[in-house]
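In this note's numbering, the protein residues as written are 93 to 320. All C-beta atoms, glycine included, are put in the ideal place defined by N, C-alpha and C. Here is the structure we will look at, set down as structure tokens.
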């Protein structure tokens, strides 16, 4: 990462991974931005009060809140989805109180998430791995949200179209690794940060600017989002 001049953002999904990340990145935050949060997959039955204690005791070592959000695919009952909403709003309240940016998971729930975010002021939020419609993207831009694109933008025509419609000042990149992709990355587990070079190159091609111009823009956006 140092050789590639890359800084990363690490996210957590529950109390256990938040504790682990705080130990792992406590002394490496010049390289890794440390986000902690409760993912919608683990919203039911997770100890929110214990998470609050972790944040209170370690807030100076926390750079953001995430990965948080909503996802109906993890719910069997409406009651479980209501619990997701409750936990998500609680995570947003923490971020607002601490003036921290947030990373949001929005699969199958983007309209509801946009409605919730519209009720918050002065909240920096990124819809990670954006996969909404053009209309949802337009509303996201109106709300001043950031959106991030990963390796799928290299091979997906739909993602490239969304990329063209994204405000240049609201664009971020990611790997979402470790995770497996389709098409040209089939059977490859994406973790190396070097994959970002292909994403930035694709962005430069679609926007008809140089690789360097694309890199500088994303760097500036990242500084604005992370606040450092």
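task = Give the range of the alpha helix (DSSP H) segment to which residue 313 is assigned.
result = By one-based count along the chain shown, residue 313 stands at place 221. Note, residue 313: alpha helix (DSSP H), 303–318.
At least three beta-carbon pairs within less than 8 Å, the segment 251–265 to the segment 296–312 = Result yes; three or more Cβ-Cβ pairs closer than 8 Å.
message = So, for residue 238: in the same chain, excluding its five sequence neighbours on each side, which residues have a beta-carbon less than 6 Å away from its beta-carbon?
response = Here the question's residue 238 lines up with position 146 in the chain shown. Answer for residue 238: 218, 262, 264 and 317, listed in chain order.
ask   = Which residue from 181, 101 and 116 puts its Cα closest to that of residue 156?
value = In the chain shown, the residue the question calls residue 156 occupies position 64. Ranking 181, 101 and 116 by Cα distance to residue 156 puts 101 first.
request  = Measure the C-alpha to C-alpha separation of residue 255 and residue 230 and round it to an integer number of angstroms.
outcome  = Locating residue 255 in the chain shown gives position 163, counting from the first residue. Locating residue 230 in the chain shown gives position 138, counting from the first residue. The alpha-carbon atoms of residue 255 and residue 230 are separated by roughly 12 Å.
task = Consult DSSP for residue 264 and reduce its assignment to one of helix, strand or coil.
result = Counting from 1 along the chain shown, the entry for residue 264 is found at position 172. Residue 264 falls in the strand class under three-state DSSP.
task = State the Cα-Cα distance for the pair residue 213 and residue 192, rounded to the nearest angstrom.
result = For this step, residue 213 is matched to residue 121 along the chain shown. For this step, residue 192 is matched to residue 100 along the chain shown. Here the alpha carbon of residue 213 sits roughly 13 Å from the alpha carbon of residue 192.
ask   = In terms of alpha-carbon separation, which member of 180, 190, 199 and 189 lies closest to residue 209?
value = Within the chain shown, the letter at position 117 stands for residue 209. Taking each of 180, 190, 199 and 189 in turn and checking the Cα distance to residue 209, the smallest one comes out for 180.
key: Cβ-Cβ distance between residue 110 and residue 124 below 8 Å   = In the chain shown, the residue the question calls residue 110 occupies position 18. In the chain shown, the residue the question calls residue 124 occupies position 32. No, Cβ-Cβ distance for residue 110 and residue 124 is not below 8 Å.
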